[in-house]
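Per this note's numbering, residue 285 is the first one in the sequence shown, and the count goes up by one each step. Every residue, glycine too, gets a C-beta built ideally from N, C-alpha and C. In this text, all values refer to a predicted model and were calculated from it rather than measured experimentally.
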Amino acid sequence: MKVKAIFNRDGGTFRTTDMDAYSRKVEEDFRAAGHEIEIAVVAADEMRDALETACGRDDLDAIVAGGGDGTISAAAGVAWKTGMPLGIVPAGTMNLVARSLKLPLDIWKVPEVLANGRIIDADIGSADGRAFVHQFSMGLHARMVRYRQSYRFASRTRKDQRQRTRRHRGNLQPAGFRDRIRRGRAPRAPACFGDFRFK
């Protein structure tokens, strides 16, 4: 099988990973399983183009995407539209998609599992033509996710430390959010309506 792996170097765990060493590990695991693999490490803003280019190639049998749930969701949407099989490397904070598929959450263990695995069908939904693989949110939850994404952390460890500190202080909301609710100015999120189609 010929595979193209595309890793989001800005995604979670990959920010603090030696991507040259990681790419060598992935290549070793896939070659040991009898596959041919190409590896690209790209910035977050180049990820969608790299995925679309790979899925448009007729010489590939599958792609592997590595990054957080946002990267994986984008990759699933592109792969779904083109019919390309997708393997995922969970390199984010929550890794909800990988958890639901029962994949190892350790980026150093998952390449061997993918290389020796088999292709299965998985459910995917869409809302207003935008694919999602784990959850679809609207309203307050969607607003909270956007607030959370605005935080910048050097690593998962730093993010965990900050969350523990906030929990200790009893403040789970982003800075300023609690005050806006107390004053009656809770942020409003636009409602989203969409059709849901599952594969």
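Taking its Cβ as the centre, do 16 or more other Cβ atoms sit within 10 Å of residue i, making it buried, or is it exposed?
i	result
residue 424	exposed
residue 331	buried
residue 375	buried
residue 338	buried
residue 368	buried
residue 304	exposed
residue 297	buried
residue 453	Note that residue 453 scores 47 on pLDDT, short of 50, meaning its location in the model is unreliable; the coordinates nonetheless yield the value given after this. It counts as exposed.
residue 301	buried
residue 413	exposed
residue 434	exposed
residue 318	exposed
Counting only beta-carbon separations shorter than 8 Å, does residue i have a partner in chain D?
i	result
residue 427	The displayed structure is made up of one protein chain only, and chain D is not part of it.
Does the separation of the CB atoms of residue i and residue j fall below 8 Å?
i	j	result
residue 359	residue 335	yes
residue 313	residue 396	yes
residue 399	residue 389	no
residue 295	residue 328	yes
residue 391	residue 373	yes
residue 311	residue 288	no
residue 307	residue 326	no
residue 285	residue 345	yes
residue 415	residue 364	yes
residue 366	residue 401	no
residue 292	residue 355	yes
To the nearest whole angstrom, what separates the beta carbons of residue i and residue j, a pair I think is in contact under 8 Å?
i	j	result
residue 347	residue 403	Not quite, the Cβ-Cβ distance comes to about 12 Å (not below 8 Å), so this is no contact.
residue 380	residue 406	Incorrect: roughly 13 Å between the Cβ atoms, too far for contact.
Alpha helix (DSSP H) runs wholly inside the segment 339 to 420, at least 4 long, in chain order: 353 to 366, 380 to 384, 394 to 399
Ignoring anything shorter than 3 residues or poking outside the segment 309 to 340, list the beta strand (DSSP E) runs there in chain order. 320 to 326
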